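Structure first, then comments.
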Amino acid sequence: MRSINHAGEWLRLSEHYQRMTDGELIAIAKDRDKLTEIAQQILAMELSTRKLKVEAENDQRENPDFAKTARVGAPPPPVHADMEASEYAGDPYAEDRELVEIETVWSLRDAIDLQRRLNVAGTPFFMGAEKATSVDAVTSTFPAGVGVQIMRIGVPYAREALQYYEPKDVPESEKEQESPEDVDVRCPDCRSKDIVFEEEVGSSSGATKYKWKCGLCGHQWVDDGVATAE
């Protein structure tokens with residue numbers, strides 16, 4: 000029940016912030032310390048989607064030169080989705096905002112379908128090298144494959160949104176050729192195939208166990224190394 004409530008709160012806040020103007024978002028962000036943790040994370044995602052950058056009020060007070068250099072009513076400098084990591088130095092939510100690729104779309108109709116599902120889930124996304132935030136803004140060529148990225152914090156919600164997503168135009172060369180005996184090995188948490196072996200670990204029974212980590216959602220788990228089909 001807790002996860003359902005969490006997802007519901009995520010969706011409610013996402014829709015709430017999406018309806019706000021840039022000025023309203025900036026005003027809230029300047030006093031973000033009073034928000035709940037989930038509200039801060041969703042606010043950060045919406046600010047990044049709109050390419051807005053905000054300096055918190057307490058940062059302004061700590062910088063005596065700010066008042067001398069700031070122009071009253073001046074808009075904040077834009078922030079790009081692919082900004083350098085140094086921009087987030089010391090930011091506890093920097094890892095949450097890291098972009099991870101969740102899908103590649105090969106046609107306009109697949110892109111529209113995926114966009115619709117992510118929009119319903121209230122999950123911001125970026126398409127192509129141009130980091131387009133809507134299908135209409137994509138300038139990359141779909142037949143060549145267009146990557147779709149979201150912030151790491153949104154992976155669990157995107158997973159739910161895309162649970163029944165089935166692309167229609169994946170090239171034959173990109174389709175996985177698996178025999179019936181092959182096992183589809185995925186992260187048990189987010190179902191990604193981007194898994195990494197970390198180390199062997201001992202067990203009380205003496206049997207060797209294997210520690211794995213998902214490169215997409217960061218989930219870690221230990222098993223006996225024998226994959227079984229679900």
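When you line the sequence shown up against numbering that gives the first Met the number 0, it's residues 0 to 229, in that order.
All residues carry an ideal CB built from backbone N, CA and C; glycine is no exception.
Predicted, not measured: the structure shown is a model, and the values here were computed from it.
Can you have a look at residue i and say buried or exposed, based on whether 16 or more other CB atoms are within 10 angstroms of its CB?
i	result
Gly-121	buried
Glu-171	exposed
Arg-11	exposed
Ser-13	buried
Ala-249	It is not possible to answer for residue 249, since the shown part of the chain is limited to 0 through 229.
Ala-110	buried
Leu-107	exposed
Val-134	buried
Pro-249	This structure cannot settle anything about residue 249, because the visible part of the chain is limited to 0 through 229.
Val-200	exposed
Cys-213	buried
Is the Cβ-Cβ distance between residue i and residue j less than 8 Å?
i	j	result
Gly-153	Met-19	no
Ile-101	Ala-143	no
Gln-17	Asp-95	no
Lys-208	Gln-219	no
Using the three-state DSSP reduction, which class does residue i fall into: helix, strand or coil?
i	result
Tyr-163	coil
Thr-103	strand
Ala-120	coil
Met-19	coil
Asp-222	strand
Ala-157	helix
Lys-130	coil
Glu-197	strand
Leu-113	helix
Leu-262	What the structure shows of the chain is the stretch from 0 to 229, and residue 262 is not part of that stretch, so it cannot be assessed.
Leu-98	strand
Lys-29	coil
So residue i packs on residue j, CB below 8 Å; how close in whole Å?
i	j	result
Cys-189	Leu-161	At roughly 11 Å, the Cβ-Cβ gap does not stay under 8 Å, so Cys-189 and Leu-161 are not in contact.
Val-104	Pro-166	7 Å
Tyr-164	Leu-113	6 Å
Asp-21	Leu-42	With 8 Å as the limit, Asp-21 and Leu-42 do not qualify as a contact, their Cβ atoms being about 13 Å apart.
Comparing the C-beta of residue i with each C-beta of chain D, is any distance below 8 Å?
i	result
Glu-100	Among the chains in the structure shown there is no chain D, since it carries only a single protein chain.
- the region 145 to 152 / the region 111 to 131 touching (three or more Cβ pairs under 8 Å): yes
- Query: Is the region 188 to 199 close to the region 124 to 137, with three or more CB pairs under 8 Å?
  - Reply: no
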